Amino acid sequence: MAGKKTGEKQPTVSVIIGTFNSAPTLPACLSSVFAQKYKNIEAIIVDKGSTDSTLEIARSFPVRIIEGHVERCTQWNAGAKIARGKFIYFLGADMETHQDFISEAVKKCLSSGASAIYTVVSTKSNAYWARVRGFERKFYLLDEKWQAARFIEKGVFWKIGGWNEKLVAGEDWDLQE
Numbered sequence: 065m066a067g068k069k070t071g072e073k074q075p076t077v078s079v080i081i082g083t084f085n086s087a088p089t090l091p092a093c094l095s096s097v098f099a100q101k102y103k104n105i106e107a108i109i110v111d112k113g114s115t116d117s118t119l120e121i122a123r124s125f126p127v128r129i130i131e132g133h134v135e136r137c138t139q140w141n142a143g144a145k146i147a148r149g150k151f152i153y154f155l156g157a158d159m160e161t162h163q164d165f166i167s168e169a170v171k172k173c174l175s176s177g178a179s180a181i182y183t184v185v186s187t188k189s190n191a192y193w194a195r196v197r198g199f200e201r202k203f204y205l206l207d208e209k210w211q212a213a214r215f216i217e218k219g220v221f222w223k224i225g226g227w228n229e230k231l232v233a234g235e236d237w238d239l240q241e
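Numbering (the numbering used here), first residue to last: 65 to 241.
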């Protein structure tokens, strides 16, 4: 990270990825996580009970895995509970992140005192909900790639109560409220 003192340790970033039958998109998602220029990353997969090769693919990467049959908000909260990072970055298994994103997000949080960063992510899936998300984004006023604050300081995340586990959709918008 630019401007860091020699020997100063970078804060850990925990990347939490919820999965369910995500074999078609998970390799690209995890590859984008591990292609980050920022290296102090832990990746946590929280699986909803996949019946395809999702877990086999996940195990081919250096990730921690939690298995259960829960919805996305509960998945992400479970991952956040075991996260070791100062910051948490929530991704869907159908999302990819730019190789500079984590280093830039950490730098911005540390230099500005921000607790969360709105993200730009790309979705490579052609699954139903990915298409719905793409349609929805056409109505965004500024940039259809912007999403909610998926990169957040862990202490702040828990201070606001984490993800609302009663929601099965729209959780990203609820968190920013």
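Quick reminder that beta carbons are idealized off the backbone N, C-alpha and C, glycines included. Note that the structure is predicted; figures quoted are calculated from it, not measured.
Bounds of the alpha helix (DSSP H) holding Ile166 are Phe165 to Ser176. Three or more beta-carbon pairs drawn from the stretch 101 to 108 and the stretch 127 to 136 are found closer than 8 Å, and the two stretches are therefore classed as touching. In the DSSP assignment, Gly143 falls within the unbroken alpha helix (DSSP H) covering Arg136 to Ile146.
Bridge partners of Tyr153 according to DSSP: Val79 and Phe215. Take Ile181, set aside five residues on each side of it, and the residues of its chain with a beta-carbon closer than 7 Å to its own are Ala169, Lys172, Cys173, Ala213 and Phe215, in chain order.
If you check the CB distance, Ser117 and Ala157 do not come in under 8 Å. Following the DSSP letters along the chain, one finds Ile224 in no beta strand (DSSP E), marked with neither H nor E.
Closest option to Val79, judged by alpha-carbon separation, among Leu155, Gly177 and Gln100: Leu155. In the DSSP annotation of this structure, the continuous segment of the alpha helix (DSSP H) that includes Ala122 starts and ends at Thr118 to Arg123. An exposed status is given to Ser95, since fewer than 16 other beta-carbon atoms sit within 10 Å of its beta-carbon. Judged by DSSP in its simplified three-state form, Ala92 adopts helix.
Using a Cβ distance threshold of 8 Å, Lys150 and Thr76 count as a contacting pair. Each residue's CA atom was taken as its position, placing Ser167 and Thr115 some 34 Å apart.
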